[in-house]
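All letters in the sequence shown, in the order written, are residues 16 to 355 by our numbering.
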Amino acid sequence: MIRVGLVGAGFIGRNHFNQYEKMTDRARVVALCDADADRRAGDWSKVGGNLADAQGTKRDLGNIRPYTDWRQLVDESAIDLIVICVPTYLHRDITLAALKAGKHVLCEKPMALTVEQCDEMIAAARPPARFMIAQCIRFWPEYVWLKQTMDEGMFGPLRAIHLRRQTSAPTYSLDNWITNPELSGGAVLDLHVHDVDYCLHLLGRPRSVFAQGYQRSGGGVDRVHASWSYGRSIVVQIEAFWDLHPGFTFNMGFTAVFEDASVMWDSKTGVPLTVYQRDRDPQTPEMPTEDAYYGEINHLVSCIERGTDPTITTPRESRDAVAIALAEKKSALSGQIVSI
């Protein structure tokens, strides 16, 4: 049994907690740290987020040890895995402390605010400790299907892909920390990094990036439209923004054009992923059924059980996602192409 210490009980922390309840014979949350007294007590009724089931509930946490200071939780000897679900500016410090204490670490995306911080975290990770960044899109059914389809060459080579992610301002976080770019990195790191990481997973590192966007909320880039160049015949466009007006609900999706088919999926429409081919009716293939959040946790838990490092997503890849997202920000603010 892997004993889990959860740091942060906001929207994504609650989501992690729910996934561990599904694997109580393999991993279980035994301790929880949060700055908010209600959350520590299991009252998550005021916890919101950007997904349809974001609203929290009240939970009985009587068997879970509460902490107000993450340092005390990290030092607890009866914990094997530290799960970090707090504002991004805290990721490095908690990760370094947990790895130094010999714990396994699962840290939410983005990895950190700077590439230098990411490098520190990678350098601190040494076996037998296992370290992974929670990149849920690599486990999301539609994105998993697209990666498998491309790798198998089912529809010929990929010619173009457009990845998109959009929402109104994320005002649901405690003290609105997400909208403060000094704490979250802004939309480029907090929102856009999902698709940056996935595109790395799909195609690898680009040669260069060019982006357009603008700053609005406290100096952060609230909207980014990026193009990646690979030096070969493929068109890559990635966009993300949280500058839409209140009432616009979260939406993500993609359009992929292969030599022999076009694929489209949009989370907001309720229409399944659809494949369009010449002289055939549109097809809606069966998707993988594993929940993405469960999938990422299950991957790390399995690696801990086997004594191996994560392979579906690695710290180095998460570091590269931060580096490229920041390169896009540099391009958006300078108007220049940025080499990778």
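Heads up, the beta-carbon is just placed ideally off N, CA and C, and yes, glycines get one too.
It should be emphasised that the depicted structure is a prediction, and the values quoted were computed from it without experimental measurement.
### Message
Three or more C-beta pairs under 8 Å: does that hold for the stretch 248-265 against the stretch 131-138?
### Response
no
| query | Which residue comes first and which comes last in the beta strand (DSSP E) that contains residue 266? | reply | As a position in the sequence shown, residue 266 is number 251, starting the count at 1. From DSSP, the beta strand (DSSP E) with residue 266 extends over 266-273.
Local conformation of residue 228 per DSSP, three classes: Walking along the sequence shown from the start, residue 228 turns up at place 213. It is a strand residue.
(request) Give a yes or no on whether 8 Å exceeds the smallest Cβ distance from residue 43 to chain D. (result) Considering every chain present, this structure includes no chain D. It has just one protein chain.
From residue 22 to residue 47, what distance separates their C-alpha atoms? Mapped onto the sequence shown, residue 22 falls at position 7. Mapped onto the sequence shown, residue 47 falls at position 32. The straight-line gap from Cα to Cα measures roughly 6 Å.
#### Entry: Proximity below 8 Å, CB of residue 347 to CB of residue 226
Numbered from 1 along the sequence shown, position 332 holds the residue referred to as residue 347. Numbered from 1 along the sequence shown, position 211 holds the residue referred to as residue 226. Taking 8 Å as the Cβ cut-off, residue 347 and residue 226 qualify as a contacting pair.
*Could you name the residues that DSSP lists as bridge partners for residue 241?*
Locating residue 241 in the sequence shown gives position 226, counting from the first residue. Answer is 226, 253.
Q. Taking Cβ to Cβ, would you say residue 94 is nearer than 8 Å to residue 18?
A. Start at 1 with the first residue of the sequence shown, and residue 94 comes out as number 79. Start at 1 with the first residue of the sequence shown, and residue 18 comes out as number 3. Closer than 8 Å, so yes.
For a quick check, are the C-beta atoms of residue 148 and residue 165 less than 8 Å apart? As a working note, residue 148 is residue 133 in the sequence shown. As a working note, residue 165 is residue 150 in the sequence shown. Cβ distance not < 8 Å, so residue 148 and residue 165 don't count as in contact.
| query | For residue 16, which residues does DSSP report across the bridge? | reply | Taking the first residue of the sequence shown as position 1, residue 16 is located at position 1. None; residue 16 has no bridge partner.
Which class does residue 132 belong to by DSSP, given the choice of helix, strand or coil? The count along the sequence shown starts at 1 and reaches residue 132 at position 117. Three-state DSSP puts residue 132 in a helix.
Quiz item: Is residue 147 helix, strand or coil by DSSP?
Solution: Taking the first residue of the sequence shown as position 1, residue 147 is located at position 132. It is a strand residue.
Worksheet item: Using the rule of at least 16 other Cβ atoms within 10 Å of the residue's Cβ for burial, across every protein chain shown, is residue 307 buried or exposed?
Response: The residue labelled residue 307 in the question sits at position 292 within the sequence shown. It counts as buried.
Give the straight-line distance between the Cα atoms of residue 11 and residue 250, rounded to the nearest whole angstrom.
-> Here the chain has residues from 16 to 355 only, and residue 11 is not among them.
Worksheet item: Taking Cβ to Cβ, would you say residue 198 is nearer than 8 Å to residue 102?
Response: Here the question's residue 198 lines up with position 183 in the sequence shown. Here the question's residue 102 lines up with position 87 in the sequence shown. Their beta carbons are under 8 Å apart, which means residue 198 touches residue 102 by this criterion.
Q: Name the one or two DSSP bridge partners that residue 97 has.
A: The residue given as residue 97 occupies position 82 in the sequence shown. Bridge partners of residue 97: 20, 120.
Measuring CA to CA, which of 194, 275, 61, 96 is closest to residue 114? Residue numbering aside, residue 114 sits at position 99 when the sequence shown is read from its first letter. Checking every option, the nearest Cα to that of residue 114 belongs to 96.
| said: In the DSSP output, which residue or residues are listed as bridge partners for residue 280? | reply: Taking the first residue of the sequence shown as position 1, residue 280 is located at position 265. Residue 280 pairs with 269.
What first and last residue would you give for the alpha helix (DSSP H) that runs through residue 81? Position 66 of the sequence shown, counted from the first residue, corresponds to residue 81. Residue 81 -> not in any alpha helix (DSSP H); beta strand (DSSP E) instead, spanning 80-82.
Practice prompt. For the beta strand (DSSP E) containing residue 44, list its first residue and its last residue.
Written response: Here residue 44 refers to the residue found at position 29 of the sequence shown. Counting along the chain, the beta strand (DSSP E) containing residue 44 begins and ends at 42-48.
| Taking C-beta to C-beta, are residue 150 and residue 328 nearer than 8 Å? | The residue labelled residue 150 in the question sits at position 135 within the sequence shown. The residue labelled residue 328 in the question sits at position 313 within the sequence shown. The answer is yes: Cβ separation under 8 Å.
Which residues share a DSSP beta bridge with residue 298?
-> Start at 1 with the first residue of the sequence shown, and residue 298 comes out as number 283. Beta-bridge pairing links residue 298 to 290.
Problem set entry | Cut-off 8 Å between Cβ atoms - residues of its own chain near residue 69, not counting five sequence neighbours on either side | In the sequence shown, residue 69 corresponds to position 54, counting from 1. Caution applies to residue 69, whose pLDDT of 49 falls short of 50 and renders its modelled position unreliable; the value that the coordinates give is listed next. These residues qualify, in order along the chain: 26, 62, 63, 187.
> Per DSSP, what kind of secondary structure is residue 247 in: helix, strand or coil?
Replying inline: Stepping through the sequence shown from its first residue, residue 247 is reached at position 232. Of the three classes helix, strand and coil, the one that applies to residue 247 here is coil, per DSSP.
* To do: Would you mind reading off the limits of the alpha helix (DSSP H) that contains residue 334?
  => By 1-based counting over the sequence shown, the position of residue 334 is 319. Counting along the chain, the alpha helix (DSSP H) containing residue 334 begins and ends at 330-349.
(Q) Quick check: the Cα distance between residue 203 and residue 319, rounded to an integer number of angstroms? (A) Numbered from 1 along the sequence shown, position 188 holds the residue referred to as residue 203. Numbered from 1 along the sequence shown, position 304 holds the residue referred to as residue 319. Going from the Cα of residue 203 to the Cα of residue 319 covers about 31 Å.
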